[in-house]
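First up is the structure itself, then whatever we jot down about it.
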Amino acid sequence: MTKKQIFALAAFVYLFLAPFTFHPDIKTIFYQSQFLSQGIFNASTSLSIKPELVERFNIYSFFAANPDKAFLGNFVYPPLAYFLFGIFFIPVKLLAGTGFVEWLGMGNDSVVVPHIFQYLFVIKLPAIIAHFTTGYFIFKLLQGVSLQNQNKALALWFFNPISLYTVGFMGQIDSIAVLLTVLALFLAKKKSIYATVLLGLGAAFKTYPLLILPFLAIYSGKTWSKKLLSFVLGFGTYLLFILPFITTPAFYSSTFVSGLSQRLFELKLYVGFGENILIVPAILIVLFLFAVSKKLENISQLSNFFLATLFIVVALVHFHPQWALWFLPFLVILVINKTKDSSVWVALALLFLGWLGTVLLFDDKFLSWGILAPIDPGILFLPTLSELLHRFFDPLLAQSIFHTLMLASGVYLVSKSFKENE
């Protein structure tokens, strides 16, 4: 198939899946972000604005002060996600039509409204567009391989279970942060300053790009002063967005101490007297030292470190399904660069199987057949897959086996990425 044919087929598949599958996360962020159009953004105390107005105009404090508006949960993403989806809300509302705002505020009964297919189709468009744009830049990043392998990369990017599930089924917003990381890799060689800014923007949307910023800084600067300057530029871009909120207790509790920031420290090796060795940070430090010693010289090496860092971070924690998108672009690049090695394809298939088994065994109806609730709302009354399997064996053990399979396969692939001249 040609590039155009792959894009056309992928567009048909994703746009067909969009209206018939549902996970509440995408609806929740649009509900929360709609308040931007009502003037809830942020106000800085340095502008001599009354404290009560600061609370009024800060989305994190707004939900803390108005629990009746936070019935779908607090806003847990960094500020740029709020601003961007607050902007997206305006055209999405126009395209979605009547009843859309009311639907955003509904709970599980939202799957029975008459226009749900129309609503789902529209709210997933930003994630799908970002995912397709990422595919285009992956294609461009692989200019050094044959056209056939470039097309193979596109097909792999669009038609793997992680992409189909997290973007097509769920419409997860992580695809936008993923786009920014791939763009950063694309620009790293010729416009490294823009690349570091893009990672800073990515971190202001989803925090994880901060983890790969040190590797980009090492690649971007020939001297340590330039490396440090690159890091400061990227981190400064991130700070630019969070500084107006950083003193807000609600921002700290909703964003800094939730999700990835806490799970990085959960895997420990107890050494006695209350002291633990933190496994994930230790591995990240080792990777950083390897990057320093290797003196990153090309985009392929940089991509490999992006892959290793993000895979380890995801695979060694209790992850959300969409987190696998973080390392997926760099995994695709690796697999295509090693396309003649059959063991790489076997490991990739096992990784996908491990990821899918782990996700389907989460005790969450919307992560198994509940995701098809728009087609038949009655499916939400069925037990989860985990509850069904509990009658026969321990589903947590089965999930652990799948997670282990994903980890082992991924570690093998990461190890292949550091083997040169193969």
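Quick note on the working numbering: the sequence shown kicks off at 636 and runs consecutively. By construction, the Cβ of each residue, glycine as well, lies at the ideal position given by its N, Cα and C atoms.
Local Cβ density within 10 Å of residue i, reported as buried at 16 or more and exposed below that
i, result
"residue 681", "Low local confidence applies: a pLDDT of 33 at residue 681 is under 50, so the model's placement there is unreliable, and no value is given."
"residue 726", "exposed"
"residue 1029", "exposed"
"residue 639", "exposed"
"residue 647", "exposed"
"residue 912", "exposed"
"residue 842", "buried"
"residue 869", "buried"
"residue 933", "exposed"
"residue 713", "buried"
"residue 928", "exposed"
"residue 879", "buried"
"residue 782", "exposed"
6 Å Cβ shell around residue i - same chain, five flanking residues per side excluded
i, result
"residue 803", "649 and 652"
"residue 837", "812, 815, 816 and 844"
"residue 855", "827 and 865"
"residue 1082", "Outside the displayed range of the chain (636 to 1057) lies residue 1082, so it cannot be described from this structure."
"residue 885", "695, 696 and 699"
"residue 1057", "With a pLDDT of only 47 at residue 1057, under the threshold of 50, the placement of this residue in the model should not be trusted; the figure read from the coordinates follows. Counting only Cβ-Cβ distances below 6 Å, and skipping sequence neighbours, we find nothing."
"residue 761", "723"
"residue 738", "745, 748 and 754"
Contact under 9 Å by Cβ, residue i with residue j
i, j, result
"residue 839", "residue 875", "yes"
"residue 963", "residue 798", "yes"
"residue 980", "residue 970", "yes"
"residue 813", "residue 961", "yes"
"residue 637", "residue 787", "no"
"residue 989", "residue 1033", "no"
"residue 770", "residue 793", "yes"
"residue 941", "residue 908", "no"
"residue 890", "residue 695", "yes"
"residue 999", "residue 805", "no"
"residue 613", "residue 790", "Limits of the chain in this structure are 636 at one end and 1057 at the other, which puts residue 613 out of reach."
"residue 664", "residue 773", "no"
"residue 1044", "residue 959", "no"
"residue 818", "residue 833", "yes"
"residue 1042", "residue 950", "yes"
"residue 776", "residue 938", "yes"
"residue 624", "residue 987", "Here the chain has residues from 636 to 1057 only, and residue 624 is not among them."
"residue 953", "residue 901", "yes"
"residue 904", "residue 853", "no"
"residue 801", "residue 957", "yes"
"residue 887", "residue 881", "yes"
Sequence-distant residues of the same chain with beta carbon closer than 8 Å to residue i, five excluded per side
i, result
"residue 746", "657, 1008, 1009, 1012 and 1015"
"residue 736", "669 and 728"
7 Å CB neighbourhood of residue i in its chain, flanking five on each side removed
i, result
"residue 1020", "995, 996 and 1003"
"residue 849", "866 and 923"
"residue 1017", "1004"
Any non-hydrogen atom of the ligand FMN closer than 8 Å to residue i Cβ
i, result
"residue 882", "Looking for the ligand FMN in the displayed structure turns up nothing, as the structure carries no ligands at all."
Between the stretch 814-834 and the stretch 888-902, are three or more C-beta pairs nearer than 8 Å? These segments do not touch.
Just checking, does the stretch 941-952 make contact with the stretch 1040-1052 on the three C-beta pairs under 8 Å criterion? yes
I'd like to know if the stretch 668-677 and the stretch 711-724 are in contact, where contact means that at least 3 CB-CB pairs between them fall below 8 Å. yes
Is there contact between the stretch 917-936 and the stretch 736-745, where contact requires at least three CB pairs shorter than 8 Å? no
Return the chain-ordered ranges of every beta strand (DSSP E) run that is complete within the stretch 984-1019 and spans a minimum of 3 residues. none
Answer yes if the stretch 701-712 comes into contact with the stretch 852-864, meaning at least three C-beta pairs across the two stretches below 8 Å, and no otherwise. no
Identify every run of the alpha helix (DSSP H) within the stretch 692-756, keeping only runs that are complete inside it and at least 4 residues long; order them along the chain. 694-700, 714-731 and 735-739
Write down every uninterrupted run of the alpha helix (DSSP H) in the stretch 639-668 whose length is 4 residues or greater and which is fully enclosed by it, in chain order. 659-668
Ignoring anything shorter than 4 residues or poking outside the stretch 869-931, list the alpha helix (DSSP H) runs there in chain order. 895-898 and 914-929
Could I get the ranges of all uninterrupted alpha helix (DSSP H) runs contained in the stretch 763-833, with 4 residues as the minimum, in chain order? 782-793 and 809-822
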